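What follows is one structure encoded as structure tokens, with my remarks underneath.
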Amino acid sequence: VVNIISGHGEVGRVLTSHPLVARVSFTGGPETARHVVRNSAKNFAEVSLELGGKSPFVVFEDADLESAVNGCMAGIFGATGQSCVAGSRLIVQDSVAEEFLARLVAAAKAIRIGDPLADETQMGPLCTEAQVLLIEAQVALAVTEGATVLTGGRQPSLGGTYYEPTIVDCPSSDLTIVDTELFGPVLSVLRFTDEAEAVALANRSQHGLAAGVFTLNGARQMRVAKAIRAGIVWVNTYRAVSPIAAFGGVKGSGYGRESGFQAMYDYTRPKTIWVNTSSEPIANPFVMR
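Our numbering applies: residue 50 is where the sequence shown begins, and numbers increase by one.
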């Protein structure tokens, strides 16, 4: 039986604190998640949280650049960037940064924006006007902090809540935009010199939902994938999903998993039942068996 109850904050409070609710699976922001955890704790209900992210997309100098550009495009501009696993932090090796960014900017400029129901459209609008205002403010702040907008950074002439595919070159990982989830088509760019710096930049985030790693070096693929603190790591691809694969994050991206065997375990309860099949009576009640 599936019951759908719609409403705002008060409805959520009632549902998450109800004594007959044994488990809560929440997808949303960290502040609301804290309320959910507090409400659920009253009845010791179990909770899983999927809180979004600021996923790194790491490109090494030996990567297939065409494939990496396509993966990056899918990661940040697919669904207009309105995805919890959006690859919104590009971390690219210095030696190929200029070539990679030139290709990426050209591809971003060619994206067809429009009605999401039209066959020719590749990128639709943002969900609300408030989201547009948030993104505009964050991009403007990034510029004041020293960033350079390589493409986009404004609304097109379509009206509504459309926003151009935007790439922001950041001189430092200290910029606010680098670790602020925007939920829109805005990519922050950082550069690195070696593998250790790439991993450090990838992990320099309060989030830990997903990551992408592009390199043709098999040993490096596994080293970096293991070193990045994220619940999901894609190697030489991005946004591949399956109901048999666990989905969820670490750190500020929450805990618990959706999909996969782990989710099945999360939604079931182990029970141990002992049955004495012997015809012999229990002789000594003070002996551990």
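No residue lacks a Cβ here, since even glycine has one placed at the ideal position from N, Cα and C. Note that the structure is a prediction, hence the values are computed from the model and not measured.
What are the partner residues of T326, as DSSP defines its beta bridges? According to DSSP, which records beta bridges pairwise, T326 is partnered with nothing at all.
So, at 6 Å on beta carbons, what are the nonlocal neighbours of V282 in its own chain, with the 5 sequence-adjacent residues on each side left out? A260, A274.
Could you tell me which residues DSSP pairs with T200 in its beta bridges? Within the DSSP secondary-structure output, T200 pairs in a beta bridge with I216.
Determine, using beta-carbon pairs with one atom in the region 98-118 and one in the region 283-301, whether at least three such pairs fall under 8 Å. Two segments are said to touch when three or more pairs of C-beta atoms, one from each, lie closer than 8 Å; by this definition the region 98-118 touches the region 283-301.
Runs of beta strand (DSSP E) lying entirely within the region 256-296, each at least 3 residues, in chain order: Within the region 256-296, the complete beta strand (DSSP E) runs of at least 3 residues are 259-263, 281-284.
My guess is that G257 and G298 are in contact by the Cβ rule of under 8 Å, so how many angstroms apart are they, rounded? Confirmed, about 5 Å.
Between the region 96-116 and the region 135-143, are three or more C-beta pairs nearer than 8 Å? yes
In the DSSP assignment, what residue or residues form a beta bridge with P105? R138
Chain-order list of residues whose beta-carbon lies under 6 Å from that of T197 (same chain, five-residue window excluded): D218
Pull up the CB-CB distance for L239 and L250, whole angstroms please, since I reckon it's below 8 Å. 6 Å
Pull up the distance between the alpha-carbon of C176 and that of I216, whole angstroms please. 20 Å
Please go through the same chain and pick out, in chain order, the residues whose beta-carbon is closer than 7 Å to the beta-carbon of T346, but skip the five residues on each side of it. This structure does not reach residue 346, given that the chain is present from 50 up to 338, and the question cannot be answered.
What's the gap between the Cα of P174 and the Cα of I53? 26 Å
From G201 to Q255, what does the alpha carbon distance come to, in whole angstroms? 26 Å
Can you give the beta carbon distance from G280 to S308, rounded, assuming they're within the 8 Å contact cut? 11 Å between Cβ atoms; not a contact.
So, helix, strand or coil for F75, using DSSP? strand
So, V85 versus F75, is the Cβ gap smaller than 9 Å? yes
May I ask you to list the residues that DSSP assigns as paired with R240? V141
Between which two residues does the alpha helix (DSSP H) harbouring V63 extend? 58-66
As assigned by DSSP and simplified to three states, the class of L100: coil
Between the CA atoms of A151 and P79 - distance to the nearest angstrom: Whole-angstrom Cα-Cα distance: 36 Å.
Within-9 Å CB hit, N266 to chain C: Although the question refers to chain C, the structure presented lacks it and comprises just one protein chain.
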